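Following the working numbering, the numbering of the sequence shown begins with 168 at its first residue and continues without gaps. Glycine included, every Cβ here is placed at the ideal spot set by N, Cα and C. Just so it is clear, the structure is predicted and the values come from calculations on it, not from any experiment. One structure below.
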Amino acid sequence: MSITQVVQQQEHLPLKERLRCFYRGTLFQVIILGLISFTQPGIWSAISNLGAGGQAEPYVVNNSYVVAFGIMIFLSPVAAIVGNIVGVRWVLMFGTIGYVPYSAALYCNTVYGTQWFMLFGAATCGLSASALWTAEATIAVSYPEPAKRGLYIAIWLAINKIGGIAASAVTLALNINGEQKGTIDPKTYLAPIGLQCLGLPLSFLISPPEKVIREDGTKVSMGNPDRSFKTQIIALGQVFKRKEVWLLIPVFISNGWGGTYNGNFMAAYFSVRSRALISFLNSTVCVILDLVVGVGLDLKRFRRSLKAKYTWLIITALFSAMWIWTIVLQIDFASKRSISLDWSDSGFSYAAGNNFFYKILSEVIFVWVYWIIGTYDSDIDTLALTSGIVRSGESLGQTLSSKVGSLKKVTLLTNIIVAAVVFWASVPTTTWASWLVPDTPHSSLEEKDDSADDVAVVFPVKV
(Lines of atoms letter the chains of each structure in order from A and count residues from 1; the text may use other names and numbers.)
(Lines give C-alpha, C1' and ligand atoms only; values in the text may rest on other atoms or scores of the structure.)
Protein backbone atom coordinates (compact mmCIF):
# COMPACT_ATOMS: atom_id res chain seq x y z
CA MET A 1 0.00 0.00 0.00
CA SER A 2 1.37 3.44 -0.96
CA ILE A 3 1.71 6.43 1.31
CA THR A 4 -1.04 8.14 -0.69
CA GLN A 5 -3.43 5.29 0.12
CA VAL A 6 -2.51 5.52 3.80
CA VAL A 7 -3.35 9.22 3.79
CA GLN A 8 -6.64 8.53 1.98
CA GLN A 9 -7.59 6.00 4.64
CA GLN A 10 -6.89 8.59 7.34
CA GLU A 11 -9.20 11.04 5.56
CA HIS A 12 -12.13 8.62 6.00
CA LEU A 13 -11.64 8.39 9.75
CA PRO A 14 -13.96 10.26 12.16
CA LEU A 15 -13.02 13.89 12.82
CA LYS A 16 -11.80 13.11 16.33
CA GLU A 17 -9.45 10.42 15.01
CA ARG A 18 -8.18 12.69 12.22
CA LEU A 19 -7.41 15.39 14.76
CA ARG A 20 -5.59 12.86 16.92
CA CYS A 21 -3.57 11.65 13.93
CA PHE A 22 -2.64 15.26 13.16
CA TYR A 23 -1.74 16.02 16.78
CA ARG A 24 0.45 12.90 16.99
CA GLY A 25 1.73 13.40 13.44
CA THR A 26 5.30 14.30 12.62
CA LEU A 27 4.43 17.63 10.96
CA PHE A 28 2.62 18.94 14.05
CA GLN A 29 5.40 17.66 16.30
CA VAL A 30 8.13 19.37 14.31
CA ILE A 31 6.13 22.63 14.21
CA ILE A 32 5.76 22.59 18.00
CA LEU A 33 9.44 21.72 18.34
CA GLY A 34 10.26 24.70 16.10
CA LEU A 35 8.09 27.00 18.22
CA ILE A 36 9.87 25.82 21.38
CA SER A 37 13.19 26.41 19.67
CA PHE A 38 11.93 29.83 18.57
CA THR A 39 11.14 30.85 22.15
CA GLN A 40 14.40 29.57 23.63
CA PRO A 41 17.62 29.38 21.54
CA GLY A 42 15.89 31.34 18.77
CA ILE A 43 15.38 34.37 21.02
CA TRP A 44 18.83 33.86 22.54
CA SER A 45 20.39 33.84 19.06
CA ALA A 46 18.39 36.90 18.04
CA ILE A 47 19.79 38.86 20.98
CA SER A 48 23.29 37.54 20.26
CA ASN A 49 22.96 38.54 16.59
CA LEU A 50 22.62 42.15 17.69
CA GLY A 51 26.32 41.97 18.49
CA ALA A 52 27.58 41.35 22.05
CA GLY A 53 24.07 40.55 23.24
CA GLY A 54 23.03 44.13 22.51
CA GLN A 55 25.69 45.54 24.82
CA ALA A 56 28.16 48.29 23.93
CA GLU A 57 31.20 46.13 24.81
CA PRO A 58 31.42 42.39 24.03
CA TYR A 59 33.85 41.31 26.74
CA VAL A 60 31.51 40.67 29.69
CA VAL A 61 28.94 39.01 27.42
CA ASN A 62 31.59 36.71 25.94
CA ASN A 63 32.67 35.71 29.45
CA SER A 64 29.05 34.77 30.20
CA TYR A 65 29.08 32.63 27.04
CA VAL A 66 32.18 30.85 28.39
CA VAL A 67 30.21 29.91 31.53
CA ALA A 68 27.14 28.71 29.58
CA PHE A 69 28.96 26.71 26.93
CA GLY A 70 31.51 25.37 29.41
CA ILE A 71 28.65 23.75 31.33
CA MET A 72 27.23 22.34 28.11
CA ILE A 73 30.46 20.58 27.18
CA PHE A 74 30.00 18.18 30.07
CA LEU A 75 26.22 18.05 30.49
CA SER A 76 25.07 17.55 26.88
CA PRO A 77 26.01 13.82 26.86
CA VAL A 78 24.48 13.51 30.35
CA ALA A 79 21.24 14.99 29.03
CA ALA A 80 21.21 12.36 26.25
CA ILE A 81 21.57 9.55 28.79
CA VAL A 82 18.85 10.98 31.03
CA GLY A 83 16.57 11.42 28.01
CA ASN A 84 16.97 7.76 27.04
CA ILE A 85 16.10 6.70 30.59
CA VAL A 86 13.19 8.99 31.53
CA GLY A 87 12.10 10.13 28.06
CA VAL A 88 13.38 12.82 25.73
CA ARG A 89 10.22 14.91 26.24
CA TRP A 90 10.99 15.46 29.93
CA VAL A 91 14.51 16.57 29.12
CA LEU A 92 13.07 19.00 26.57
CA MET A 93 10.76 20.46 29.22
CA PHE A 94 13.65 21.02 31.62
CA GLY A 95 15.52 22.74 28.80
CA THR A 96 12.94 25.54 28.61
CA ILE A 97 13.48 26.83 32.15
CA GLY A 98 16.91 28.47 32.21
CA TYR A 99 16.91 30.85 29.22
CA VAL A 100 14.69 33.51 30.82
CA PRO A 101 17.12 34.35 33.69
CA TYR A 102 19.89 35.02 31.18
CA SER A 103 17.80 37.40 29.08
CA ALA A 104 16.64 39.12 32.28
CA ALA A 105 20.29 39.44 33.31
CA LEU A 106 21.11 41.27 30.05
CA TYR A 107 18.34 43.75 30.84
CA CYS A 108 19.54 44.24 34.43
CA ASN A 109 23.15 44.65 33.33
CA THR A 110 22.12 47.34 30.84
CA VAL A 111 20.06 49.23 33.43
CA TYR A 112 21.85 48.53 36.71
CA GLY A 113 25.27 47.17 35.72
CA THR A 114 24.74 43.87 37.58
CA GLN A 115 27.41 41.74 35.94
CA TRP A 116 27.14 39.00 38.59
CA PHE A 117 23.56 38.38 37.48
CA MET A 118 24.78 37.80 33.92
CA LEU A 119 27.10 35.05 35.13
CA PHE A 120 24.27 33.49 37.16
CA GLY A 121 21.93 33.68 34.15
CA ALA A 122 24.65 32.16 31.99
CA ALA A 123 24.86 29.21 34.39
CA THR A 124 21.09 28.58 34.32
CA CYS A 125 21.15 28.96 30.54
CA GLY A 126 23.99 26.42 30.29
CA LEU A 127 22.07 23.89 32.38
CA SER A 128 18.90 24.26 30.34
CA ALA A 129 20.62 24.48 26.97
CA SER A 130 22.47 21.21 27.68
CA ALA A 131 19.08 19.54 27.90
CA LEU A 132 17.24 21.47 25.20
CA TRP A 133 19.93 21.38 22.51
CA THR A 134 20.30 17.63 22.86
CA ALA A 135 16.57 16.89 23.14
CA GLU A 136 15.44 19.09 20.23
CA ALA A 137 18.11 17.70 17.91
CA THR A 138 17.11 14.14 18.85
CA ILE A 139 13.42 14.79 18.17
CA ALA A 140 14.04 16.70 14.94
CA VAL A 141 16.16 13.90 13.49
CA SER A 142 14.35 10.80 14.81
CA TYR A 143 10.63 11.65 14.64
CA PRO A 144 10.17 12.44 10.90
CA GLU A 145 9.69 9.89 8.14
CA PRO A 146 13.04 9.20 6.41
CA ALA A 147 11.81 10.62 3.10
CA LYS A 148 10.89 13.93 4.77
CA ARG A 149 13.74 14.22 7.26
CA GLY A 150 15.57 17.01 5.43
CA LEU A 151 12.41 19.10 5.05
CA TYR A 152 11.33 18.63 8.67
CA ILE A 153 14.78 19.47 10.02
CA ALA A 154 14.57 22.61 7.88
CA ILE A 155 11.11 23.47 9.28
CA TRP A 156 12.46 23.11 12.83
CA LEU A 157 15.38 25.44 12.11
CA ALA A 158 13.25 27.85 10.06
CA ILE A 159 10.70 28.35 12.85
CA ASN A 160 13.64 28.86 15.20
CA LYS A 161 14.54 31.89 13.08
CA ILE A 162 11.11 33.42 13.66
CA GLY A 163 12.49 34.30 17.07
CA GLY A 164 15.19 36.29 15.35
CA ILE A 165 12.67 38.01 13.08
CA ALA A 166 10.37 38.97 15.98
CA ALA A 167 13.12 40.08 18.35
CA SER A 168 15.05 42.03 15.73
CA ALA A 169 11.88 43.72 14.46
CA VAL A 170 11.10 44.92 17.99
CA THR A 171 14.73 45.97 18.42
CA LEU A 172 14.70 47.89 15.16
CA ALA A 173 11.49 49.71 16.11
CA LEU A 174 12.83 50.70 19.55
CA ASN A 175 16.26 51.71 18.25
CA ILE A 176 15.30 53.35 14.97
CA ASN A 177 17.12 56.55 15.97
CA GLY A 178 20.28 54.81 17.17
CA GLU A 179 22.64 56.09 14.49
CA GLN A 180 25.78 55.57 16.61
CA LYS A 181 27.48 52.56 18.18
CA GLY A 182 26.47 51.64 21.74
CA THR A 183 24.00 49.69 23.87
CA ILE A 184 20.49 48.97 22.62
CA ASP A 185 17.44 50.41 24.39
CA PRO A 186 16.83 48.33 27.58
CA LYS A 187 13.13 47.99 26.65
CA THR A 188 14.30 45.80 23.77
CA TYR A 189 14.82 42.87 26.15
CA LEU A 190 11.29 42.88 27.62
CA ALA A 191 9.42 41.41 24.63
CA PRO A 192 11.94 38.56 24.12
CA ILE A 193 11.75 37.70 27.83
CA GLY A 194 7.97 37.44 27.54
CA LEU A 195 8.24 35.18 24.49
CA GLN A 196 10.73 32.89 26.25
CA CYS A 197 8.18 32.24 29.00
CA LEU A 198 6.04 30.39 26.41
CA GLY A 199 8.57 27.60 25.96
CA LEU A 200 7.55 25.46 28.94
CA PRO A 201 3.78 25.29 28.18
CA LEU A 202 4.55 24.53 24.52
CA SER A 203 6.77 21.60 25.52
CA PHE A 204 3.75 19.76 26.97
CA LEU A 205 2.43 19.37 23.40
CA ILE A 206 5.36 17.18 22.33
CA SER A 207 4.34 13.51 22.07
CA PRO A 208 6.52 10.70 23.41
CA PRO A 209 8.15 8.77 20.54
CA GLU A 210 6.05 5.64 20.96
CA LYS A 211 2.87 7.67 20.31
CA VAL A 212 4.10 9.47 17.19
CA ILE A 213 2.15 8.68 14.00
CA ARG A 214 4.06 8.72 10.72
CA GLU A 215 2.38 9.03 7.34
CA ASP A 216 4.30 6.07 5.93
CA GLY A 217 3.05 3.77 8.69
CA THR A 218 6.46 3.15 10.26
CA LYS A 219 7.18 3.67 13.94
CA VAL A 220 9.95 5.67 15.55
CA SER A 221 12.68 3.12 16.27
CA MET A 222 13.34 2.99 20.03
CA GLY A 223 16.61 1.04 20.11
CA ASN A 224 17.53 -1.00 23.19
CA PRO A 225 14.49 -1.65 25.45
CA ASP A 226 16.80 -1.78 28.48
CA ARG A 227 16.60 1.73 29.99
CA SER A 228 19.03 1.20 32.86
CA PHE A 229 21.77 3.73 33.58
CA LYS A 230 24.45 1.09 33.09
CA THR A 231 23.14 0.19 29.64
CA GLN A 232 23.06 3.84 28.57
CA ILE A 233 26.63 4.43 29.76
CA ILE A 234 27.78 1.43 27.71
CA ALA A 235 25.80 2.67 24.70
CA LEU A 236 27.36 6.14 25.04
CA GLY A 237 30.81 4.55 25.04
CA GLN A 238 29.95 2.60 21.90
CA VAL A 239 28.70 5.71 20.10
CA PHE A 240 31.75 7.64 21.30
CA LYS A 241 34.03 5.08 19.61
CA ARG A 242 32.40 5.43 16.20
CA LYS A 243 34.52 7.26 13.65
CA GLU A 244 31.50 8.95 12.06
CA VAL A 245 30.86 10.80 15.31
CA TRP A 246 34.48 11.79 15.87
CA LEU A 247 34.80 12.97 12.29
CA LEU A 248 31.84 15.35 12.66
CA ILE A 249 32.93 16.96 15.93
CA PRO A 250 35.45 19.34 14.24
CA VAL A 251 32.80 20.87 11.98
CA PHE A 252 30.56 21.46 15.01
CA ILE A 253 33.47 23.17 16.75
CA SER A 254 34.24 25.34 13.73
CA ASN A 255 30.62 26.29 13.06
CA GLY A 256 30.32 27.81 16.51
CA TRP A 257 33.64 29.62 16.34
CA GLY A 258 32.82 32.21 13.68
CA GLY A 259 29.77 33.44 15.59
CA THR A 260 31.89 35.07 18.29
CA TYR A 261 33.92 37.02 15.74
CA ASN A 262 30.75 38.21 14.00
CA GLY A 263 29.24 39.37 17.30
CA ASN A 264 32.37 41.37 18.13
CA PHE A 265 32.54 42.67 14.55
CA MET A 266 28.95 43.97 14.74
CA ALA A 267 29.50 45.67 18.10
CA ALA A 268 32.76 47.24 16.94
CA TYR A 269 31.71 48.73 13.60
CA PHE A 270 27.91 49.09 13.30
CA SER A 271 25.37 51.51 14.73
CA VAL A 272 22.64 50.20 17.02
CA ARG A 273 19.88 50.36 14.41
CA SER A 274 22.12 48.85 11.73
CA ARG A 275 22.81 45.85 13.97
CA ALA A 276 19.04 45.41 14.40
CA LEU A 277 18.42 45.68 10.64
CA ILE A 278 21.15 43.14 9.80
CA SER A 279 19.77 40.72 12.40
CA PHE A 280 16.25 41.09 10.94
CA LEU A 281 17.38 40.49 7.36
CA ASN A 282 19.59 37.54 8.31
CA SER A 283 16.78 35.81 10.19
CA THR A 284 14.23 36.41 7.42
CA VAL A 285 16.44 35.04 4.64
CA CYS A 286 17.54 32.06 6.75
CA VAL A 287 13.90 30.95 7.16
CA ILE A 288 13.58 30.65 3.38
CA LEU A 289 17.03 29.16 3.01
CA ASP A 290 16.38 26.42 5.60
CA LEU A 291 13.33 25.22 3.66
CA VAL A 292 15.11 25.30 0.30
CA VAL A 293 18.09 23.31 1.59
CA GLY A 294 15.82 20.84 3.41
CA VAL A 295 13.76 20.15 0.28
CA GLY A 296 16.95 19.77 -1.74
CA LEU A 297 18.36 17.19 0.65
CA ASP A 298 15.14 15.15 0.37
CA LEU A 299 15.21 14.99 -3.43
CA LYS A 300 14.84 11.39 -4.65
CA ARG A 301 16.74 12.08 -7.86
CA PHE A 302 20.11 11.55 -6.13
CA ARG A 303 21.23 8.95 -3.61
CA ARG A 304 21.88 10.02 -0.04
CA SER A 305 25.58 9.28 -0.36
CA LEU A 306 25.93 11.51 -3.42
CA LYS A 307 23.93 14.34 -1.85
CA ALA A 308 26.14 14.24 1.24
CA LYS A 309 29.38 14.38 -0.74
CA TYR A 310 28.56 17.06 -3.29
CA THR A 311 26.70 19.32 -0.87
CA TRP A 312 29.70 19.33 1.45
CA LEU A 313 32.11 20.12 -1.40
CA ILE A 314 29.98 23.12 -2.39
CA ILE A 315 29.80 24.28 1.25
CA THR A 316 33.59 24.00 1.59
CA ALA A 317 34.23 26.09 -1.52
CA LEU A 318 31.78 28.83 -0.51
CA PHE A 319 32.97 28.94 3.10
CA SER A 320 36.60 29.21 1.98
CA ALA A 321 35.72 32.17 -0.23
CA MET A 322 33.82 33.78 2.64
CA TRP A 323 36.75 33.43 5.09
CA ILE A 324 39.16 34.99 2.58
CA TRP A 325 36.75 37.87 1.99
CA THR A 326 36.33 38.39 5.75
CA ILE A 327 40.09 38.44 6.39
CA VAL A 328 40.61 41.01 3.61
CA LEU A 329 37.75 43.11 5.01
CA GLN A 330 39.13 42.96 8.55
CA ILE A 331 42.64 43.95 7.40
CA ASP A 332 41.08 46.99 5.70
CA PHE A 333 39.05 47.96 8.78
CA ALA A 334 42.00 47.42 11.13
CA SER A 335 44.06 49.93 9.12
CA LYS A 336 41.48 52.67 9.74
CA ARG A 337 41.36 54.65 12.94
CA SER A 338 37.66 54.63 13.78
CA ILE A 339 34.67 53.16 12.00
CA SER A 340 30.97 53.54 12.83
CA LEU A 341 28.75 52.29 10.04
CA ASP A 342 25.10 53.24 9.76
CA TRP A 343 22.80 52.00 7.00
CA SER A 344 23.03 55.41 5.34
CA ASP A 345 26.82 55.15 4.97
CA SER A 346 28.48 54.15 1.71
CA GLY A 347 30.49 51.27 3.16
CA PHE A 348 27.56 49.67 4.96
CA SER A 349 26.45 47.27 2.21
CA TYR A 350 29.91 45.81 1.72
CA ALA A 351 30.50 45.13 5.42
CA ALA A 352 26.93 43.97 6.12
CA GLY A 353 27.06 41.70 3.07
CA ASN A 354 30.02 39.86 4.55
CA ASN A 355 28.11 39.19 7.77
CA PHE A 356 25.08 38.15 5.71
CA PHE A 357 27.16 35.68 3.69
CA TYR A 358 28.53 34.11 6.87
CA LYS A 359 25.07 33.69 8.41
CA ILE A 360 23.70 32.04 5.27
CA LEU A 361 26.55 29.54 5.00
CA SER A 362 26.47 28.80 8.71
CA GLU A 363 22.77 27.98 8.41
CA VAL A 364 23.38 25.67 5.44
CA ILE A 365 25.96 23.74 7.47
CA PHE A 366 23.50 23.41 10.36
CA VAL A 367 20.81 21.86 8.17
CA TRP A 368 23.32 19.62 6.40
CA VAL A 369 25.08 18.32 9.50
CA TYR A 370 21.85 17.31 11.27
CA TRP A 371 20.57 15.68 8.12
CA ILE A 372 23.81 13.72 7.83
CA ILE A 373 23.51 12.50 11.44
CA GLY A 374 20.13 11.03 10.51
CA THR A 375 21.69 9.15 7.59
CA TYR A 376 23.93 7.12 9.91
CA ASP A 377 21.29 5.79 12.33
CA SER A 378 17.55 5.61 12.74
CA ASP A 379 16.79 4.60 16.35
CA ILE A 380 16.09 7.43 18.77
CA ASP A 381 18.43 6.17 21.52
CA THR A 382 21.51 6.21 19.29
CA LEU A 383 20.52 9.54 17.75
CA ALA A 384 20.12 11.05 21.24
CA LEU A 385 23.58 9.92 22.30
CA THR A 386 25.09 11.11 19.02
CA SER A 387 23.38 14.49 19.41
CA GLY A 388 24.68 14.79 22.96
CA ILE A 389 28.26 14.14 21.87
CA VAL A 390 28.27 16.48 18.87
CA ARG A 391 26.46 19.19 20.86
CA SER A 392 29.24 18.84 23.42
CA GLY A 393 31.76 19.42 20.65
CA GLU A 394 29.82 22.44 19.43
CA SER A 395 29.82 23.82 22.98
CA LEU A 396 33.58 23.30 23.18
CA GLY A 397 34.01 25.45 20.08
CA GLN A 398 31.69 28.12 21.48
CA THR A 399 33.54 28.09 24.82
CA LEU A 400 36.98 28.50 23.27
CA SER A 401 35.86 31.15 20.78
CA SER A 402 33.99 33.10 23.47
CA LYS A 403 37.07 33.08 25.68
CA VAL A 404 39.18 34.39 22.82
CA GLY A 405 36.51 37.01 22.12
CA SER A 406 36.46 38.10 25.77
CA LEU A 407 40.15 39.11 25.74
CA LYS A 408 40.62 42.77 24.88
CA LYS A 409 44.21 42.17 23.78
CA VAL A 410 43.06 39.76 21.04
CA THR A 411 42.33 41.77 17.90
CA LEU A 412 39.45 41.06 15.57
CA LEU A 413 41.94 40.16 12.85
CA THR A 414 43.50 37.50 15.07
CA ASN A 415 40.03 36.24 15.96
CA ILE A 416 38.94 35.80 12.34
CA ILE A 417 42.22 34.16 11.29
CA VAL A 418 41.82 31.61 14.08
CA ALA A 419 38.18 31.01 13.06
CA ALA A 420 39.20 30.41 9.44
CA VAL A 421 42.02 28.04 10.42
CA VAL A 422 39.65 26.07 12.67
CA PHE A 423 37.23 25.67 9.75
CA TRP A 424 39.91 24.55 7.30
CA ALA A 425 41.21 22.10 9.90
CA SER A 426 37.70 20.55 10.01
CA VAL A 427 37.49 20.08 6.23
CA PRO A 428 39.42 16.76 5.96
CA THR A 429 37.47 15.03 8.74
CA THR A 430 34.09 16.31 7.55
CA THR A 431 34.91 15.27 3.99
CA TRP A 432 35.69 11.78 5.27
CA ALA A 433 32.43 11.76 7.24
CA SER A 434 30.45 12.74 4.14
CA TRP A 435 32.05 9.88 2.22
CA LEU A 436 30.84 7.43 4.90
CA VAL A 437 27.16 8.30 4.47
CA PRO A 438 25.13 5.17 3.59
CA ASP A 439 22.07 5.21 1.38
CA THR A 440 20.09 3.61 4.25
CA PRO A 441 20.76 4.18 7.99
CA HIS A 442 22.67 1.40 9.76
CA SER A 443 20.39 -1.23 11.36
CA SER A 444 17.43 0.71 10.04
CA LEU A 445 13.94 -0.48 10.90
CA GLU A 446 12.51 2.20 8.66
CA GLU A 447 11.72 2.24 4.98
CA LYS A 448 14.29 3.51 2.49
CA ASP A 449 13.94 7.03 1.13
CA ASP A 450 12.78 5.79 -2.23
CA SER A 451 10.46 3.12 -0.92
CA ALA A 452 6.87 4.22 -0.95
CA ASP A 453 5.31 1.10 -2.32
CA ASP A 454 4.98 -1.31 0.56
CA VAL A 455 4.24 0.34 3.88
CA ALA A 456 2.14 -0.81 6.77
CA VAL A 457 -0.96 1.09 7.71
CA VAL A 458 -0.45 1.88 11.39
CA PHE A 459 -3.08 3.62 13.47
CA PRO A 460 -1.98 3.33 17.11
CA VAL A 461 -4.58 2.60 19.73
CA LYS A 462 -6.26 5.61 21.25
CA VAL A 463 -4.45 7.13 24.22
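From this set, the options, which residue's C-alpha is nearest residue i's C-alpha?
i, options, result
"residue 260", "364, 480, 415, 391", "364"
"residue 370", "245, 256, 605, 548", "256"
"residue 441", "523, 206, 502", "523"
"residue 378", "593, 254, 601", "254"
"residue 287", "306, 317, 520, 238", "238"
"residue 258", "285, 291, 282, 300", "300"
"residue 321", "291, 576, 459", "459"
"residue 356", "368, 374, 331, 372", "331"
"residue 228", "561, 280, 312, 206", "280"
"residue 451", "276, 537, 530", "530"
"residue 354", "278, 489, 202, 499", "278"
"residue 393", "236, 553, 548", "548"
"residue 418", "295, 528, 536, 231", "536"
"residue 324", "304, 477, 282, 189", "304"
"residue 382", "434, 316, 439, 414", "316"
"residue 333", "213, 592, 430, 428", "213"
"residue 390", "207, 251, 573, 566", "251"
"residue 191", "293, 284, 272, 375", "375"
"residue 416", "267, 538, 481, 564", "564"
"residue 466", "496, 538, 591", "538"
"residue 496", "273, 396, 521, 485", "521"
Name the DSSP bridge partner or partners of residue i?
i, result
"residue 482", "Per DSSP, none; premise fails for residue 482."
Taking the CB atoms as reference points, tell me whether residue i and residue j lie closer together than 8 angstroms.
i, j, result
"residue 385", "residue 475", "no"
"residue 246", "residue 298", "yes"
"residue 445", "residue 584", "no"
"residue 472", "residue 605", "yes"
"residue 600", "residue 425", "no"
"residue 362", "residue 263", "no"
"residue 289", "residue 310", "no"
"residue 506", "residue 515", "no"
"residue 204", "residue 326", "yes"
"residue 295", "residue 555", "no"
"residue 423", "residue 534", "no"
"residue 580", "residue 491", "no"
"residue 360", "residue 200", "no"
"residue 402", "residue 552", "yes"
"residue 483", "residue 594", "yes"
"residue 487", "residue 236", "no"
"residue 453", "residue 540", "no"
"residue 438", "residue 233", "no"
"residue 582", "residue 449", "no"
"residue 240", "residue 559", "yes"
"residue 307", "residue 412", "no"
"residue 342", "residue 443", "yes"
"residue 414", "residue 607", "no"
If I follow the unbroken alpha helix (DSSP H) through residue i, where does it start and stop?
i, result
"residue 510", "No alpha helix (DSSP H) holds residue 510; DSSP gives it neither H nor E."
"residue 543", "515-543"
"residue 416", "410-436"
"residue 280", "It is not in any alpha helix (DSSP H) - residue 280 carries neither H nor E in the DSSP assignment."
"residue 600", "579-602"
"residue 188", "182-191"
"residue 547", "547-572"
"residue 373", "Looking at the DSSP string, residue 373 is not in any alpha helix (DSSP H), and its letter there is neither H nor E."
"residue 361", "357-363"
Quick one: grab the DSSP three-state call for residue i.
i, result
"residue 461", "helix"
"residue 380", "strand"
"residue 254", "coil"
"residue 262", "coil"
"residue 390", "coil"
"residue 620", "The predicted model places residue 620 with a pLDDT of 35, which falls under 50 and marks its position as unreliable, so this point remains unresolved."
"residue 502", "coil"
"residue 342", "coil"
"residue 647", "Residue coverage of the chain in this structure runs from 168 to 630, which leaves residue 647 outside it and unanswerable."
"residue 236", "helix"
"residue 202", "helix"
"residue 477", "helix"
"residue 294", "helix"
"residue 319", "helix"
"residue 328", "helix"
"residue 312", "coil"
"residue 493", "helix"
"residue 385", "coil"
"residue 447", "helix"
"residue 467", "coil"
"residue 301", "helix"
"residue 576", "coil"
"residue 208", "helix"
"residue 605", "coil"
Would a check of beta-carbon distances place residue i closer than 8 angstroms to chain B?
i, result
"residue 579", "Structure shown: chain B not included; a single protein chain is present."
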